Structures are given as C-alpha cells and as structure tokens.
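To start, the structure itself, in structure tokens.
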Amino acid sequence: MKRRALALLVATWVAAAAGAGAPAVVDIPSRVGTVAFAHARHAEIGCRDCHHTGDVTPGCRACHTATATSARPSREAFHGACIGCHLTDLKAGRATGPAKRCSACHVPPRQPAP
C-alpha cells in the first residue's frame, strides 16, 4: 500500500512539473487575426493529443465542431472565449474583432447569380 501511495505521489508531482512551464495563454496567428488561446484551460487534455511530433497544431475547429460531444460545441466555445475579449477591448477603446454585429462573423450564404 505504501508503494502505491508513493507511486501516486511521484506521478502527481511529475505531471504537475511537466505542465508548470506551459504558458496560461498562447497567441496564435490566424486568418481572422491573433487568437488568444486559453492554454491553461486545456491542460487536462494530454499534450500529445494536440502536439503530435512533426504535425501542425490543429485549429479550434478540430475539436470544437458544431456538434461536438467531447469538447464544447463551436458556437458555445467561440462565443464564450472570443466575445468576452472583444467586449473588454471595445470598452477599453482598443482595436478589436467583432463584438456587437453578429453579421461580422455570421455571414449568410450567398446565392448564385441567376
């Protein structure tokens, strides 16, 4: 029993030490501007789930699909993460992405010309 407790303690310490150097927020350039990725909020996901050797780190929609079951659905994740920062920047007078006009992101599909 003591060995099991010691092994659990060591495993917990190693896991905590491995994540200790990771930044809380990572700025990721994208086609819509720089996105502040909440790295700390995703810490419960294994590093190798996203950081595959030699592969490009996947974008948000790789996990947050419209009908995601294991991750928050894209609408919920984007609205919760993006709009909060956009409104904060807007109130502070800083340049920001869309904050009030839904149509800035939600563009209706174009109909082909007759």
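All letters in the sequence shown, in the order written, are residues -20 to -1, 1 to 94 by mature numbering (1 follows the signal peptide of the UniProt record, and there is no 0).
Cβ atoms here follow ideal geometry from the backbone N, Cα and C, with glycine treated the same way.
As the structure is a prediction and not an experimental result, all values here were calculated from the model.
- Between residue 77 and residue 66 a beta carbon distance of about 5 Å is seen, short of the 8 Å cut, so the two are scored as contacting.
- Spanning the alpha carbons of residue 26 and residue 9 requires a straight line of approximately 23 Å.
- Following the DSSP letters along the chain, one finds residue 54 inside the alpha helix (DSSP H) bounded by residues 54 to 58.
- Secondary structure at residue 8: strand, using DSSP grouped into helix, strand and coil.
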